[in-house]
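First comes the structure, then the notes that go with it.
Protein chains: 2
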Amino acid sequence: MLRRSLENRDAQTRQLQDAVTNVEKHFGELCQIFAAYVRKTARLRDKADLLVNEINVYASTETPNLKQGLKNFAEEFAKLQDYRQAEVERLEAKVVEPLKAYGTIVKMKRDDLKATLTARNREAKQLTQLERTRQRNPSDRHVIVSFDFSLKKCFVRYAVQK
Amino acid sequence: MLRRSLENRDAQTRQLQDAVTNVEKHFGELCQIFAAYVRKTARLRDKADLLVNEINVYASTETPNLKQGLKNFAEEFAKLQDYRQAEVERLEAKVVEPLKAYGTIVKMKRDDLKATLTARNREAKQLTQLERTRQRNPSDRHVIVSFDFSLKKCFVRYAVQK
């Protein structure tokens, strides 16, 4: 039963490791592309601001009606750029930063897994030792009970860590 | 009366020249900035396409619910990029190209103005000559009438050109 439970845990650990690696890889990619998307949006906003300025400059050299029309267009276009600015700030704060934070989160999870793996290996080694003792000297109750006890302590520790 | 009419035309020609120069300058600027705006929009669309791909790749590694959600998001985001593509094409065809065409239009108007200016100068020269003839020999009707006639012909030509 102990063997099977250890094997189960082994599979579980591997699954967790794969999940962590997967998230690390894809969240990293997503973070980079989102950041690039935000930068391109910011550059589009800059160009649009230039356009608004130039339209205003041109409008000031024109006849009243055309001037009014151009100024109105420039004003609405400038409002669009305000929304674009809000989009840039929001994407930065609500998407790029949280994705960046996953860098640290993934690192912590990896450390957790490493600690668990170390505990698991120690457990397996002690199990092997216990079986060897049992085979070598089946009647030596004292040693076997002592080993069994330390192994159970080890399981408890492992369960607490988990 | 002839002098005054020539001076009026002079002012008109200067006004037209200023208008053409103004349009040439500002339409050139507007064309460049609009073209840059279109390019930035196209780059934003490219980045967003990358993002759609990456989200789809990540979705395929995830559990069914998350996968479905991510796929839906990627799909809607891809539709937005289709609109962005339409925006790029429309701006290119309806804004940048017409503004570019103004380069040729301005050149033609400038040639027109130059032809008008040449005609005007010829006219002014003949007027001066006519007055000089008048002052030198007020009784020489024959020469004065001939000059007057050629000057009128000149005005007619000028009016037709306009």
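As given, the protein sequences belong to chains U and L, one line each in that order. Residue numbering for the first sequence follows numbering that gives the first Met the number 0, beginning at 0 and increasing consecutively. Residue numbering for the second sequence follows numbering that gives the first Met the number 0, beginning at 0 and increasing consecutively. No residue lacks a Cβ here, since even glycine has one placed at the ideal position from N, Cα and C. Since this is a predicted model, take the numbers as computed values, not measurements.
Quiz prompt | Endpoints, alpha helix (DSSP H) assigned at N64 (chain L) | solution = P63 to L90
If contacts are defined as beta-carbon pairs under 8 Å, then R42 (chain L) and K39 (chain U) qualify, I think. What distance do you get, rounded to the angstrom?
5 Å
Practice item. Give the interface partners of K46 (chain U) over in chain L, defined as CB-CB distance under 7 Å, in chain order. Key: I32, A35, Y36 and K39
Item to complete: Determine the burial state of Y36 (chain U): buried for a count of at least 16 other Cβ atoms within 10 Å of its Cβ, exposed for fewer.
Response: buried
ask   = Name the chain U residues whose beta carbon is nearer than 9 Å to that of L50 (chain L)?
value = L29, I32, F33, A35 and Y36
Margin query: Quick check on this structure: which residue in U:K70, U:F76 and U:L29 has the alpha carbon closest to the alpha carbon of D48 (chain L)?
Written below: Checked all of U:K70, U:F76 and U:L29; the closest Cα to D48 (chain L) is U:L29.
- Item | the segment 20-28 of chain U contacting the segment 87-106 of chain U, beta-carbon criterion three pairs below 8 Å | yes
Task: Beta-carbon spacing of F72 (chain L), I54 (chain L) below 9 Å - done: yes
(Q) Suppose the cutoff is 7 Å on Cβ atoms and the five residues either side in sequence are ignored; what does the same chain contact list for Q16 (chain L) look like? (A) L112
| message | I'd like to check one pair, R3 (chain U) with R119 (chain U): are the Cβ atoms closer than 9 Å? | response | Result no, Cβ atoms of R119 (chain U) and R3 (chain U) do not sit closer than 9 Å.
- prompt: Just the Cα atoms here: how many angstroms apart are R44 (chain L) and Q80 (chain L)?
  reply: Going from the Cα of R44 (chain L) to the Cα of Q80 (chain L) covers about 6 Å.
Can you tell me which of L:E74, L:R135, L:D110 and L:T12 puts its alpha carbon nearest to the alpha carbon of N52 (chain L)?
L:E74
- Give the single residue among U:A18, U:V19 and U:G27 whose Cα lies nearest to the Cα of L98 (chain U). U:G27
Looking only at C-alpha atoms, which of U:R135, U:R83, U:T127 and U:S138 sits nearest to K46 (chain U)? Nearest C-alpha to K46 (chain U): U:R83.
message = For a cutoff of 9 Å on Cβ pairs, would you count I54 (chain U) as touching chain L?
response = So, interface residue.
**Prompt:** Quick one: which chain L residues come within Cβ less than 7 Å of T20 (chain U)?
**Reply:** Contact annotation for T20 (chain U) against chain L: no contact, minimum CB-CB distance about 10 Å [criterion: below 7 Å].
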